[in-house]
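Working notes, structure below.
Residue numbers (this note's numbering): 316 to 804.
Below, the structure written as structure tokens:
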């Protein structure tokens with residue numbers, strides 16, 4: 316599609332809902348810079364992730380392959396050295412590549428000085444690496460120690476508190492207020508998001524004739540919800556809309572929904588959400604929105620750096636998140652095997668002047684595995700064998716037949732004891748639990764809030780059976796094609 320080879324910046328937020336942006340219809344939040352990307356580029360309104368957990372989702376973006384094939388089915392599983400990652404492909408085709416911020420391609424639960432110590436020799440294709448993570452460790456913390464001893468001690472404490480809270484049992488959790496909502500006393504210029512933006516700006520300033528690719532991956536708005544001022548007080552908790560919920564709505568859901576609601580789930584986040592008031596939920600949302608506005612501010616700084624360098628029109632921008640956040644909807648928080656749209660639907664924005672249509676929106680269903688082939692396609696680079704995604708470039712060209720009939724999302728983290736597959740179409744969403752009698756089926760047009768589970772509704776038996784067949788089709792169609800067969804025998 317491209318006659319020229321663009322610079323590429325892939326902006327990734329962590330745990331950002333698609334509807335927590337102004338350009339996706341949210342009139343409460345302040346995200347002018349991300350909204351500007353949308354106004355000057357193209358927005359995908361039906362973009363779905365492959366797994367609602369950080370590492371599996373990120374590795375699907377990196378490889379263009381489904382989690383059960385690239386092997387990272389849960390956090391704590393390192394991505395195999397043998398997987399072909401698209402920064403590696405770009406580097407082989409003349410790009411200077413940079414990884415900045417949270418990568419989470421390997422385990423980050425145990426604190427360590429440098430995340431990339433666990434990376435393979437080729438560093439997943441990245442020439443330049445500046446990493447940090449949820450617990451604030453790595454190069455960022457070492458840098459902060461040199462800049463400000465006071466802020467260093469505060470951030471170090473934040474990281475240690477996060478690690479302790481993740482390891483704590485349900486009885487040991489901090490239940491003194493809304494879960495993981497904390498004040499942040501650090502100078503906003505020394506915040507993780509500022510450091511990530513600064514390192515990305517360095518890559519822009521150092522760029523020359525060689526095109527560059529930068530994965531600018533923010534840690535926010537992943538919990539803990541702790542934006543610094545002025546973002547901590549930017550939103551009034553009592554003026555924000557209440558979470559999406561109905562009394563008794565979990566009664567027809569699989570049992571793990573109700574267990575999670577009362578603090579007896581199987582993941583790290585075990586809190587009794589029944590005790591939270593509307594004000595408590597407002598505090599969670601206000602802090603979450605503050606973190607998003609902070610990320611938006613730093614994206615604006617990066618875009619200004621491109622403009623100052625005179626390469627804004629020569630740079631392809633893609634903005635997305637690894638997955639969403641429940642944020643109190645349906646009485647739940649954080650993430651897990653709850654395949655509501657707020658968790659498995661992600662923002663997807665593309666901007667490249669003269670190539671990506673300005674101000675366009677697309678309803679075609681697309682997936683995270685499509686990001687790799689899309690970026691390679693737009694850069695004029697061949698897609699390697701084994702990539703399972705499809706380029707979104709035909710959608711941008713106006714091909715009405717492009718896109719997918721259904722998106723495929725999976726979840727099989729061992730600590731939950733569930734093996735889950737979901738297909739999402741325009742009209743219905745079906746979630747199948749292997750070996751269980753229960754399941755989920757929603758009418759996406761009549762019930763966009765996904766309140767009424769139609770799995771056992773006799774009037775929808777034919778729909779359920781048809782979608783189970785479609786799910787089986789997708790599972791068969793997405794079997795791994797690697798290693799490539801080079802002969803008949």
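Each residue gets a CB set at the ideal place from its N, CA and C atoms; glycine is no exception.
Find out if the Cβ-Cβ distance for the pair residue 642, residue 650 is shorter than 8 Å.
Mapped onto the chain shown, residue 642 falls at position 327. Mapped onto the chain shown, residue 650 falls at position 335. No.
Nearest-angstrom Cα distance between residue 507 and residue 446?
As a first step, residue 507 must be located in the chain shown, where it is residue number 192. As a first step, residue 446 must be located in the chain shown, where it is residue number 131. Rounded to the nearest angstrom, the two C-alpha atoms are 10 Å apart.
If residue 571 sits next to residue 372, beta carbons under 8 Å apart, how far is it from one beta carbon to the other, in whole angstroms?
For the purposes of this step, residue 571 is taken as residue 256 along the chain shown, with counting starting at 1. For the purposes of this step, residue 372 is taken as residue 57 along the chain shown, with counting starting at 1. The C-beta distance from residue 571 to residue 372 rounds to 20 Å, too long to fall under 8 Å, and the pair is not in contact.
Is it true that the segment 605-622 meets the segment 563-579, where meeting means three or more beta-carbon pairs spaced less than 8 Å apart?
Result no; under three Cβ-Cβ pairs closer than 8 Å.
Would you list the one or two residues that DSSP bridges to residue 531?
Position 216 of the chain shown, counted from the start, is the residue given in the question as residue 531. Answer is 326 and 415, bridged to residue 531.
Distance, residue 706 Cα to residue 602 Cα
Within the chain shown, the letter at position 287 stands for residue 602. Within the chain shown, the letter at position 391 stands for residue 706. Cα-Cα distance, rounded: 36 Å.
Quick check on DSSP: helix, strand or coil for residue 792?
Residue 792 sits at position 477 when you count from the first residue of the chain shown. Residue state, collapsed to three classes: helix.
If we call anything under 8 Å between Cβ atoms a contact, is residue 416 one with residue 665?
Taking the chain shown and counting its residues from 1, the one referred to as residue 416 is at position 101. Taking the chain shown and counting its residues from 1, the one referred to as residue 665 is at position 350. Cβ atoms of residue 416 and residue 665: not closer than 8 Å.
Does the segment 588-605 come within contact of the segment 334-344, defined as at least 3 CB pairs closer than 8 Å?
Three or more pairs of CB atoms, one per stretch, sit closer than 8 Å, so the segment 588-605 contacts the segment 334-344.
To which residues of the same chain is residue 596 closer than 6 Å at the C-beta, ignoring the five residues directly before and after it?
Position 281 of the chain shown, counted from the start, is the residue given in the question as residue 596. Take residue 596, set aside five residues on each side of it, and the residues of its chain with a beta-carbon closer than 6 Å to its own are 558 and 643, in chain order.
Determine whether the beta carbon atoms of residue 322 and residue 691 lie at a separation below 8 Å.
Position 7 of the chain shown, counted from the start, is the residue given in the question as residue 322. Position 376 of the chain shown, counted from the start, is the residue given in the question as residue 691. Cβ atoms of residue 322 and residue 691: not closer than 8 Å.
Is the beta carbon of residue 404 sitting closer than 8 Å to the one on residue 394?
Taking the first residue of the chain shown as position 1, residue 404 is located at position 89. Taking the first residue of the chain shown as position 1, residue 394 is located at position 79. No, the pair does not count as a contact, with Cβ atoms beyond the cut-off.
State yes or no: is the C-beta of residue 687 within less than 8 Å of the C-beta of residue 532?
As a working mapping, residue 687 is identified with position 372 in the chain shown. As a working mapping, residue 532 is identified with position 217 in the chain shown. With contacts defined by Cβ atoms closer than 8 Å, residue 687 and residue 532 do not form a contacting pair.
Can you find at least 3 beta carbon pairs, one from the segment 456-472 and one from the segment 539-556, that sit closer than 8 Å?
Proximity of the segment 456-472 to the segment 539-556 falls short of the contact definition, fewer than three beta-carbon pairs being nearer than 8 Å.
Touch check for the segment 713-731 and the segment 357-370: three-plus C-beta pairs under 8 Å?
These segments touch.
Counting along the chain, where does the beta strand (DSSP E) carrying residue 676 start and finish?
Counted from its first residue, the chain shown places residue 676 at position 361. Per DSSP, residue 676 belongs to the beta strand (DSSP E) from 675-677.
Does residue 353 pass the burial test, meaning 16 or more other C-beta atoms within 10 Å, or should it be called exposed?
Within the chain shown, numbered from 1, the residue matching residue 353 stands at position 38. Burial state of residue 353 is buried, judged by a 10 Å Cβ sphere holding 16 or more other Cβ atoms.
Sequence-distant residues of its chain with Cβ nearer than 7 Å to residue 339 (five each side left out):
Working through the chain shown from its first residue, we reach residue 339 at position 24. 333 and 662.
Taking 8 Å as the limit between beta carbons, can you name the residues of its chain near residue 498, skipping five residues before and five after?
Indexing the chain shown from 1 puts residue 498 at position 183. So the list reads 541 and 547, once near-sequence residues are dropped.
Three-state secondary structure (DSSP) at residue 686?
Stepping through the chain shown from its first residue, residue 686 is reached at position 371. Helix.
Could you give the DSSP three-state label for residue 719: helix, strand or coil?
Within the chain shown, numbered from 1, the residue matching residue 719 stands at position 404. In the three-state reduction of the DSSP assignment, residue 719 falls in the strand class, which pools E and B.
Between which residues of its own chain and residue 516 is the CB-CB distance below 8 Å, once the five residues before and five after are set aside?
On the chain shown, position 201 is the one that residue 516 refers to. Excluding residues up to 5 positions away in sequence, 616, 617 and 620 lie with their Cβ nearer than 8 Å to the Cβ of residue 516 in the same chain.
Simplified DSSP assignment, three categories, for residue 471:
By 1-based counting over the chain shown, the position of residue 471 is 156. Residue state, collapsed to three classes: helix.
Could you give the distance in angstroms between the alpha-carbon of residue 646 and the alpha-carbon of residue 576?
Within the chain shown, numbered from 1, the residue matching residue 646 stands at position 331. Within the chain shown, numbered from 1, the residue matching residue 576 stands at position 261. Cα to Cα, the separation comes out at about 7 Å.
Got a sec, what are the start and stop residues for the alpha helix (DSSP H) residue 357 sits in?
Residue mapping note: residue 357 aligns to position 42 of the chain shown, counting from 1. Per DSSP, residue 357 lies in no alpha helix (DSSP H) segment; the continuous beta strand (DSSP E) that holds it begins and ends at 357-359.
In the DSSP assignment, find the beta strand (DSSP E) that holds residue 757 and state where it starts and stops.
To locate residue 757, count along the chain shown from 1; it is residue 442. 754-758 is the extent of the beta strand (DSSP E) around residue 757.
Quick one: give me the first and last residue of the beta strand (DSSP E) that residue 634 is part of.
As a first step, residue 634 must be located in the chain shown, where it is residue number 319. First-last of the beta strand (DSSP E) with residue 634: 630-636.
Give the secondary structure of residue 807 by DSSP, where H, G and I count as helix, E and B as strand, and everything else as coil.
Outside the displayed range of the chain (316 to 804) lies residue 807, so it cannot be described from this structure.
Can you find the residues in the same chain that come closer than 7 Å, C-beta to C-beta, to residue 317, ignoring five residues on each side of it along the sequence?
As a working mapping, residue 317 is identified with position 2 in the chain shown. With a pLDDT of only 47 at residue 317, under 50, the local geometry of the prediction cannot be trusted, and no value is derived from it.
Any idea if residue 710 is buried or exposed, counting beta-carbon neighbours within 10 angstroms, 16 or more meaning buried?
Taking the chain shown and counting its residues from 1, one reaches residue 710 at position 395. Answer is buried; the Cβ neighbour count reaches 16.
DSSP on residue 803, reduced to helix/strand/coil?
Along the chain shown, one-based indexing puts residue 803 at 488. Residue state, collapsed to three classes: coil.
Contact belief for residue 746 with residue 754 at Cβ below 8 Å, rounded distance in angstroms
If you number the chain shown from 1, residue 746 lands on position 431. If you number the chain shown from 1, residue 754 lands on position 439. Residue 746 to residue 754, Cβ: 6 Å. Contact.
Between the segment 473-482 and the segment 439-454, do at least 3 Cβ pairs fall closer than 8 Å?
The segment 473-482, when compared against the segment 439-454, does touch it at the 8 Å Cβ threshold.
Roughly how many whole angstroms lie between the Cα atoms of residue 442 and residue 412?
Looking up residue 442 in the chain shown gives position 127. Looking up residue 412 in the chain shown gives position 97. The alpha-carbon atoms of residue 442 and residue 412 are separated by roughly 5 Å.
Taking C-alpha atoms, which residue in 698, 584, 758 and 764 lies nearest to residue 484?
As a first step, residue 484 must be located in the chain shown, where it is residue number 169. Of 698, 584, 758 and 764, the residue nearest in Cα terms is 584.
Can you pull the DSSP bridge partners for residue 663?
One-based indexing of the chain shown puts residue 663 at position 348. BP columns for residue 663 point to 359 and 635.
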